[in-house]
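> In the numbering used here, the protein residues as written are 399 to 774.
Ideal Cβ positions, reconstructed from N, Cα and C, are used throughout, including at glycine.
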């Protein structure tokens, strides 16, 4: 099997799994309990929070554990909108956000909030001047992804943070799901008030997400019940998953630079392979782009047909975001960067990893040649 869909999910690191199992067996007490067994679990939980904050330079933040990055982003966006709506009801995001963010803003728009969806250039990046022009007296939130999950474009979030730090009424939320473990992340330098993250994208467990919240930022809870997670997310906290999450972060960040250079080399080789075919149009920009993602469109071939042709050879790739792959509509992201309907409807996303080998690329190259001959 050759797996080229690491942006959708990753295999669980054995050390992460071992950490989860050990904690589940040993520290299964409720962290909200007052007795010693509960206190031990709570201490582990808080240690996981502390470690996660240290790993991405978030010393002035707390960590709210959630069931997914989708939930984390919903809590961030809806939590800010509902908590600060008396200050204003204007929200800013981009047209190319992940569905968990984009659709949340659409729901708020229906609820009476005024949402500005910033356009992007042909590489998928936001123009800083457009952001400056969009800011109003009643703006209370700006939400932007760091790395685009479809085409890999790196957004200018540090520049955005520098601008927004002078607007004390505006909360800045960043989706760092596809950035963490791949490129450097510093919430402090980013001036990010809120940041969403997912464990299963970094060789951790599914069903495990987190929201980093800068101290002083208030959110309206979206799940009501007990007082867990700083009164922001009711329900007993999954301590083993939190411990495993922190472990996954530590492990993936250990060789960040080394892995980046290796995957960059793989990316260049993959681009060379794809560039040999007239049927392919590469959508991922050459600059300011994560090397972990290569997105291209097909001319004269259906994306789904292409995916299944590779699948027969046990090569697994994706059509656009995994969260939207069963939706046959044209890609909102590709339409935003100027692709026509055919290209936007027939995209393929290859996502690489430090686990990807050169041999896998060689096999892919040979299979690809045969598949293209069969389909054209």
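Anyone know if the C-beta pair for residue 692 and residue 668 falls short of 7 Å?
Their beta carbons are under 7 Å apart, which means residue 692 touches residue 668 by this criterion.
> Assuming residue 466 is part of the alpha helix (DSSP H), what are its boundary residues?
Unbroken run through residue 466: none, as it is neither H nor E.
> Between residue 478 and residue 539, how many whole angstroms is the CB-CB distance? I'm expecting something under 8 Å.
Yes, they are in contact, since the Cβ atoms of residue 478 and residue 539 sit about 5 Å apart, within 8 Å.
> Can you list, in chain order, the residues of its chain with a C-beta nearer than 8 Å to that of residue 587? Leave out the 5 residues immediately preceding and following it.
Correct list, in chain order: 455, 556, 559.
> Quick one, are the C-beta atoms of residue 746 and residue 701 less than 7 Å apart?
For residue 746 and residue 701, yes; Cβs fall inside 7 Å.
> For residue 681, count neighbouring Cβ atoms within 10 angstroms of its own Cβ and tell me buried if that reaches 16, exposed if not.
Buried, since its Cβ has 16 or more Cβ neighbours within 10 Å.
> Can you give, in chain order, each stretch of the alpha helix (DSSP H) that sits fully within the segment 571-624 and has at least 4 residues?
Fully enclosed alpha helix (DSSP H) runs of 4 or longer: 585-588.
> Using only alpha-carbon positions, find the residue among 617, 436, 703 that is nearest to residue 421.
For the residues 617, 436, 703, the minimum Cα distance to residue 421 belongs to 436.
> Less than 7 Å between the C-beta atoms of residue 473 and residue 576, yes or no?
Against a cut-off of 7 Å, the Cβ pair of residue 576 and residue 473 comes out as no contact.
> Looking at the strands, I want to know which residues DSSP matches up with residue 691.
DSSP output for residue 691 lists 749 as bridge partner(s).
> Nearest by alpha-carbon distance to residue 678: which of 499, 525, 766 is it?
Of the candidates 499, 525, 766, the one whose C-alpha sits nearest the C-alpha of residue 678 is 766.
> According to DSSP, is residue 648 helix, strand or coil?
Helix, per DSSP.
> Since residue 492 contacts residue 476 with CB under 8 Å, what's their CB separation in whole angstroms?
With 8 Å as the limit, residue 492 and residue 476 do not qualify as a contact, their Cβ atoms being about 18 Å apart.
> Near residue 534, what residues of its chain come up, given a Cβ to Cβ distance below 6 Å and the 5 sequence neighbours on each side ignored?
These residues qualify, in order along the chain: 488.
> Go through its chain and collect everything with a Cβ distance to residue 582's Cβ below 8 Å, but skip five positions before and after it.
Answer for residue 582: 654, listed in chain order.
> What first and last residue would you give for the alpha helix (DSSP H) that runs through residue 706?
Segment 701-709, the alpha helix (DSSP H) holding residue 706.
> Starting from the C-beta of residue 461, find all residues in its chain whose C-beta is less than 7 Å away, skip the five residues before and the five after it, and write them out in chain order.
So the list reads 447, 450, 451, 608, 610, once near-sequence residues are dropped.
> Taking only three categories from DSSP, how would you classify residue 553?
It is coil, neither helix nor strand.
> On the criterion of 16 or more Cβ atoms from any shown chain inside 10 Å, does residue 469 qualify as buried, or is it exposed?
By the 10 Å Cβ count, residue 469 comes out buried.
> Classify residue 631 as helix, strand or coil using the three-state DSSP reduction.
Residue 631 falls in the strand class under three-state DSSP.
> Hey, residue 513 and residue 573 are a contact pair by Cβ (cut 8 Å); roughly how many whole angstroms apart?
Wrong, their Cβ atoms sit about 16 Å apart, outside the cutoff.
> By how many angstroms is the C-alpha of residue 645 removed from the C-alpha of residue 635?
Taking the straight line from one Cα to the other gives about 17 Å.
> With DSSP run on the structure shown, which of helix, strand or coil describes residue 541?
Strand, per DSSP.
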